[in-house]
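Reading through the structure tokens given below for one structure.
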Amino acid sequence: MSEFAAIAVFLVLGVGFVLFNFLLSNLIRPKNPNPIKQSTYECGETPVGPAWIQFNVRFYIFCLIFVIFDVEIVFLFPWALVFQSLGLFAFVEMVIFVGILMFGLLYAWKKGLLRWY
Amino acid sequence: MLELDKLIGFVGAQIAALVTALGLGPDWVTLVQLVVAALTLIGFASVMVLGLVYAERKVSAHIQMRVGPMRVGWHGILQTLADAVKLLQKEDITPSNVDRAIYFWAPIVTFVAAFAVYAVIPFGRGLVVTDLNIGILYILAITTFGVIGLLMAGWSSNNKYSLLGGFRSAAQVVSYEVPMALAVIGVVMLTQTLSMVQIVGQQEKFYQWYVWRQPIGFLIYFVAATAEVNRTPFDLPEADSELVAGFVTEYSGMKFAMFFLAEFLNMFTVAAIGTTLFFGGWNGPVLPSWMWFLIKTLAGVFVLMWMRWTYPRLRVDQLMGFAWKFLLPLAILNILITGLFVVLF
Amino acid sequence: MHVEIGLSHYLALSAIVFCIGVFGMLTRRNGIGVLMSIELMFNAVNITLVAFARYVTPVEITGQVIAAFTIAVAAAEATVALAIVLLIYQHHRGIDVDRINIMKW
Amino acid sequence: MDTITLVFFALALLIITSALFVVTSKNIFHSAIFLIMALFGAAGMFVMLEAPFLAAAQVLIYVGAIAILMIFAVMLTARIADESIIHTNEQVPAGLAIALGLLAVILYGLWNTPLTIHGGTPPSGGGHKLGELFLTTFVLPFEVVSVLLLAALVGALIIARRDPGATPRPNDQSAEQTGA
Chain A
3 MSEFAAIAVF
13 LVLGVGFVLF
23 NFLLSNLIRP
33 KNPNPIKQST
43 YECGETPVGP
53 AWIQFNVRFY
63 IFCLIFVIFD
73 VEIVFLFPWA
83 LVFQSLGLFA
93 FVEMVIFVGI
103 LMFGLLYAWK
113 KGLLRWY
Chain B
164 MLELDKLIGF
174 VGAQIAALVT
184 ALGLGPDWVT
194 LVQLVVAALT
204 LIGFASVMVL
214 GLVYAERKVS
224 AHIQMRVGPM
234 RVGWHGILQT
244 LADAVKLLQK
254 EDITPSNVDR
264 AIYFWAPIVT
274 FVAAFAVYAV
284 IPFGRGLVVT
294 DLNIGILYIL
304 AITTFGVIGL
314 LMAGWSSNNK
324 YSLLGGFRSA
334 AQVVSYEVPM
344 ALAVIGVVML
354 TQTLSMVQIV
364 GQQEKFYQWY
374 VWRQPIGFLI
384 YFVAATAEVN
394 RTPFDLPEAD
404 SELVAGFVTE
414 YSGMKFAMFF
424 LAEFLNMFTV
434 AAIGTTLFFG
444 GWNGPVLPSW
454 MWFLIKTLAG
464 VFVLMWMRWT
474 YPRLRVDQLM
484 GFAWKFLLPL
494 AILNILITGL
504 FVVLF
Chain C
38 MHVEIGLSHY
48 LALSAIVFCI
58 GVFGMLTRRN
68 GIGVLMSIEL
78 MFNAVNITLV
88 AFARYVTPVE
98 ITGQVIAAFT
108 IAVAAAEATV
118 ALAIVLLIYQ
128 HHRGIDVDRI
138 NIMKW
Chain D
267 MDTITLVFFA
277 LALLIITSAL
287 FVVTSKNIFH
297 SAIFLIMALF
307 GAAGMFVMLE
317 APFLAAAQVL
327 IYVGAIAILM
337 IFAVMLTARI
347 ADESIIHTNE
357 QVPAGLAIAL
367 GLLAVILYGL
377 WNTPLTIHGG
387 TPPSGGGHKL
397 GELFLTTFVL
407 PFEVVSVLLL
417 AALVGALIIA
427 RRDPGATPRP
437 NDQSAEQTGA
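Protein chains in written order, with my numbering: chain A, 3 to 119; chain B, 164 to 508; chain C, 38 to 142; chain D, 267 to 446.
Right, here's the structure in full:
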């Protein structure tokens, strides 16, 4: 557990470094805001409506498949660490585990959900 | 003087003596040592990024038969330093209809996610800040904050280019994270450990490098890592011809610089992980260990740059299809083959 | 002040987070907000499980295994539930869970 | 106050404050960000409890996957990010009463239950022990997890995909009828 102290220090100092940079920049940079400068950039056109528009569901479909496979990865890691000492049985268990999940990928593939357009 | 690990041991002992002399306990000694280590790595990272940006411009220039920056310093070597100073004094424009809090924190999250990885990278023999027993998994976990950072940037900017760039980038990064992690699992199956230091320790001889035993795994890692750091041919999030600058469109000044810094840190990180997992890390003859690590890693970075100026950009559908229909099944196959070999032989 | 952090501290923390989750689940109108509250409750339970694994069965870390399964179940739950929320949004042009009474008779 | 205590209370503060913001924030995207902070704090707690592998798994799955999925869902239902919409229902007093009551009951139970603590050296936490348990004692739940994930994947895909041919939306139908 004590070895994680380094992680905490790195996280805090990382934030500190960025804030220090912001502060330094804040001290020496010019500040002349005006409404046109602060408008949303849209290649010179006046933006129409807010950008928080509804999104295409395709992004979501891929993210959804990703979540499932991410869980698979987390369960694969402990297996990869010990399967050598546990032999063939452990290997077969994993083949079943991965095999079942591959059906999911196959399903998405066959239904054309892995196509972007 | 080239034995950096001895130097660090000396400095660490000096700090310990100093802190103890001030009448503080062992917790304080560790804390001060860690702070010094983190500050050193921040300095290293900043200097390295300046060098990498310069290298990128020079490499691209020479590939395109130009000369690149030539004015500031010898062969323009101080050009990026000048650019950094310029960025520092640039006006920081915050558009009026952004979500201020999230807009402010997005570059911080992105940078910290990229920087926190450096705590576990073994830069040389004994040159690692902390050797976590979940090292490689920690790297995979902490880098996911990069995705959160770019989603924050994309969403908070209230700009259609930013939003589309951010979400496209997130979809790409998460898609390629799966084959990348599976390629890492291929190596972990052989190493039986997640600790970065132990993984390097197992590859002392040239023929023990895991790239020889995991060639498919290495190729998958290489492609997926290129996509993870949004380099060409996978640089769709920053496809400047369609999305302006992607999720950083509304960022300027130092906030933009932080995204830029994180991008180059990530590039170095994926090359460093590739070196550690597949090319024996800091192992090598004659030269000091940290030099071998830097040579191998910078060679990897050079290949990434070389590819950027050689290949055209993929289309979005090709990009996604490649990750899910080709890389993922291939990575699973690689795991099965590796497992079969280990079990049978 | 010297406090030895023990099992009861973790359990108390977990109880507080769980109750915050309950509050959110009951009062949120937004379907995604309700899901977030449920994730908070999942996490509270996970802290409990890992705390028990640490203090009651420190060698055979059964609690950690159960916590790992909980995380997997939470992921499965989130994917399906969010898909349902999206479907509701498509049909009702809003995801105010208090107005989704189509299953009521 | 020793370091462990300090870190525990700092993390507890982080988790509880973020959790409160998750359930009260007006903007659902802010809620998602605070949820990520709470989950990260919980991962820190796992580290304190000598379960670093689980901490990494927590960050990888919750922060790296579930939270991102939620942010995507927020984007797909864009209008609800609008702060002008009332974000809580009329059950706030009742919900508060139930939550506080539940908390009181749990804490009362906790106070009055003798907790038996067993000593012992925890395993190194690198995930080896976890893998062993998955493949021996808990092999059946382990395989069931993959079935569960398959079911969730297929189910969620069926629900979420937008296939105009298979499931015509109400306004599409009316357009066809008027056209005919």
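Backbone N, C-alpha and C define an ideal beta-carbon position, used for all residues, glycine too. The structure displayed is predicted, hence computed values, not measured ones.
Identity of the residue in the options nearest residue i by Cα
{"i": "Ser45(C)", "options": "Leu315(D), Ser297(D), Ser412(D), Thr343(D)", "result": "Leu315(D)"}
{"i": "Ala112(C)", "options": "Ala309(D), Asn378(D), Ile327(D), Gly361(D)", "result": "Ile327(D)"}
{"i": "Tyr266(B)", "options": "Ser284(D), Ala278(D), Ser291(D), His296(D)", "result": "His296(D)"}
{"i": "Asn429(B)", "options": "Ala208(B), Ile498(B), Gly329(B), Pro448(B)", "result": "Ala208(B)"}
{"i": "Ala118(C)", "options": "Gln357(D), Ile332(D), Trp377(D), Pro388(D)", "result": "Ile332(D)"}
{"i": "Leu368(D)", "options": "Val82(C), Phe79(C), Phe60(C)", "result": "Phe60(C)"}
{"i": "Leu300(B)", "options": "Val283(B), Pro270(B), Met483(B), Ser319(B)", "result": "Val283(B)"}
{"i": "Val340(D)", "options": "Val69(A), Ile9(A), Tyr62(A)", "result": "Tyr62(A)"}
{"i": "Ser27(A)", "options": "Ala387(B), Thr389(B), Ala247(B), Asn393(B)", "result": "Ala247(B)"}
{"i": "Val199(B)", "options": "Leu15(A), Asn23(A), Phe105(A), Phe24(A)", "result": "Leu15(A)"}
{"i": "Ile311(B)", "options": "Gly329(B), Leu215(B), Met454(B)", "result": "Gly329(B)"}
{"i": "Leu342(D)", "options": "Ile364(D), Ile294(D), Phe319(D)", "result": "Ile294(D)"}
{"i": "Leu503(B)", "options": "Val392(B), Gly447(B), Gly349(B), Val464(B)", "result": "Gly349(B)"}
{"i": "Leu396(D)", "options": "Ile98(C), Thr107(C), Leu124(C), Arg91(C)", "result": "Ile98(C)"}
{"i": "Ala317(D)", "options": "Val411(D), His394(D), Ala417(D)", "result": "His394(D)"}
{"i": "Lys323(B)", "options": "Ile379(B), Ala334(B), Val261(B), Gly287(B)", "result": "Val261(B)"}
{"i": "Val87(C)", "options": "Leu48(C), Ile42(C), Ala115(C)", "result": "Leu48(C)"}
For residue i, three-class secondary structure by DSSP
{"i": "Arg60(A)", "result": "helix"}
{"i": "Asp480(B)", "result": "helix"}
{"i": "Gly375(D)", "result": "helix"}
{"i": "Pro407(D)", "result": "helix"}
{"i": "Val307(B)", "result": "Note on residue identity: the sequence assigns Thr, not Val, to residue 307(B). It is helical."}
{"i": "Pro436(D)", "result": "Low per-residue confidence applies at Pro436(D): pLDDT is 43, beneath 50, and the placement is therefore not dependable, though the value from the model is reported in the following sentence. Here Pro436(D) sits in helix by DSSP."}
{"i": "His384(D)", "result": "coil"}
{"i": "Leu493(B)", "result": "helix"}
{"i": "Ala317(D)", "result": "coil"}
{"i": "Glu166(B)", "result": "coil"}
{"i": "Asn34(A)", "result": "coil"}
{"i": "Asn293(D)", "result": "coil"}
{"i": "Arg220(B)", "result": "helix"}
{"i": "Asn83(C)", "result": "helix"}
{"i": "Glu97(C)", "result": "coil"}
Residue i versus residue j - alpha carbon distance
{"i": "Glu340(B)", "j": "Asn321(B)", "result": "27 Å"}
{"i": "Ile98(A)", "j": "Glu409(D)", "result": "8 Å"}
{"i": "Ile53(C)", "j": "Val413(D)", "result": "33 Å"}
{"i": "Leu357(B)", "j": "Ala344(B)", "result": "12 Å"}
{"i": "Phe489(B)", "j": "Leu362(D)", "result": "51 Å"}
{"i": "Ala179(B)", "j": "Val292(B)", "result": "16 Å"}
{"i": "Val11(A)", "j": "Phe308(B)", "result": "17 Å"}
{"i": "Val195(B)", "j": "Arg427(D)", "result": "54 Å"}
{"i": "Tyr374(D)", "j": "Asn67(C)", "result": "32 Å"}
{"i": "Ile75(A)", "j": "Trp81(A)", "result": "10 Å"}
{"i": "Glu5(A)", "j": "Phe427(B)", "result": "27 Å"}
{"i": "Leu401(D)", "j": "Val110(C)", "result": "18 Å"}
{"i": "Ala322(D)", "j": "Ala304(B)", "result": "6 Å"}
{"i": "Leu295(B)", "j": "Ser415(B)", "result": "36 Å"}
{"i": "Thr387(D)", "j": "Leu381(D)", "result": "19 Å"}
{"i": "Val122(C)", "j": "Ile69(C)", "result": "7 Å"}
{"i": "Gln86(A)", "j": "Leu78(A)", "result": "13 Å"}
{"i": "Ile498(B)", "j": "Ile67(A)", "result": "20 Å"}
{"i": "Phe173(B)", "j": "Pro389(D)", "result": "33 Å"}
{"i": "Val360(B)", "j": "Phe456(B)", "result": "13 Å"}
{"i": "Val100(A)", "j": "Phe64(A)", "result": "19 Å"}
{"i": "Met228(B)", "j": "Phe423(B)", "result": "25 Å"}
{"i": "Leu353(B)", "j": "Leu280(D)", "result": "39 Å"}
{"i": "Ala298(D)", "j": "Gln127(C)", "result": "21 Å"}
{"i": "Leu272(D)", "j": "Thr64(C)", "result": "33 Å"}
{"i": "His238(B)", "j": "Leu213(B)", "result": "15 Å"}
{"i": "Pro436(D)", "j": "Gln357(D)", "result": "Here the model assigns Pro436(D) a pLDDT of 43, short of 50, so the residue's position is not dependable and the matter cannot be decided."}
{"i": "Leu305(D)", "j": "Val182(B)", "result": "35 Å"}
Problem set entry | Segments of 3+ residues assigned as beta strand (DSSP E) that fall wholly inside the stretch 409–454 of chain B | none
For this session: Jot down the residue ranges of each uninterrupted beta strand (DSSP E) in the stretch 356–393 of chain B, minimum 3 residues, whole runs only, in chain order.
Result: none
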